[in-house]
Amino acid sequence: MPLELLKGNPKTFSTDYWSLGILLYEMIVGITPFYYENEEEITIQLIQENQIYFPSYIEISASAKDMVFSLLKSDPMKRIGVINGILEFKQHQWLQDVDWEKNAIKLNIYDKDNIFKYLDYKDLINRDNLL
Numbered sequence: 001m002p003l004e005l006l007k008g009n010p011k012t013f014s015t016d017y018w019s020l021g022i023l024l025y026e027m028i029v030g031i032t033p034f035y036y037e038n039e040e041e042i043t044i045q046l047i048q049e050n051q052i053y054f055p056s057y058i059e060i061s062a063s064a065k066d067m068v069f070s071l072l073k074s075d076p077m078k079r080i081g082v083i084n085g086i087l088e089f090k091q092h093q094w095l096q097d098v099d100w101e102k103n104a105i106k107l108n109i110y111d112k113d114n115i116f117k118y119l120d121y122k123d124l125i126n127r128d129n130l131l
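The sequence shown runs 1 to 131 under full-length UniProt numbering.
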């Protein structure tokens, strides 16, 4: 949980970027960046100091590490994407080879029949009233 939520501040886009950083770290390393035998050892001080380590037995690119560090900044205003939006995130060196346009899912949300290709509508009572 990001420091700002521990302090009782409201959830914002910056907390979503923090969560993405945690997810990326866990996908790369296999454990949470704040993993300890005793949960009480995970303190606000650790999060404030941004003490995140990558194990030496896993080969991780510098750009991948930078992405994780950029998402897990203690100061929410310094996290990648917070000031300049998603474009800043998408332009990060770690994602430079991603063709965002090619990989985008294009969905015409105004076409009622098209929506049902992506939704399981078994639980809907009357699909004609959806839109």
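Glycine included, C-beta positions come from ideal geometry on N, C-alpha and C.
Rounded separation between residue i and residue j - CA only
i     : j     : result
Pro55 : Asn9  : 32 angstroms
Gln96 : Ile80 : 15 angstroms
Met11 : Gln51 : At residue 11 the sequence reads Lys, which differs from the Met that was named. Those two C-alpha atoms are separated by around 22 angstroms.
Asp16 : Pro33 : 16 angstroms
Asn84 : Pro2  : 20 angstroms
Glu88 : Asp75 : 17 angstroms
For residue i, the three-state DSSP class (helix, strand or coil)
i           : result
residue 161 : This structure cannot speak to residue 161, because the chain is shown only from 1 to 131.
Gln96       : coil
Val29       : helix
Ile52       : coil
Ser19       : helix
Within 9 angstroms, strictly: CB atoms of residue i and residue j
i     : j     : result
Ser61 : Trp94 : yes
Leu71 : Leu24 : yes
Burial state of residue i (16 or more Cβ within 10 Å)
i           : result
Leu131      : Confidence at Leu131 is low in this model, with a pLDDT of 48, below 50, so its placement is unreliable and the value that follows should be read with caution. Exposed, by the Cβ-count rule.
residue 136 : For residue 136 there is no data in the structure shown, the boundaries of the chain being 1 and 131.
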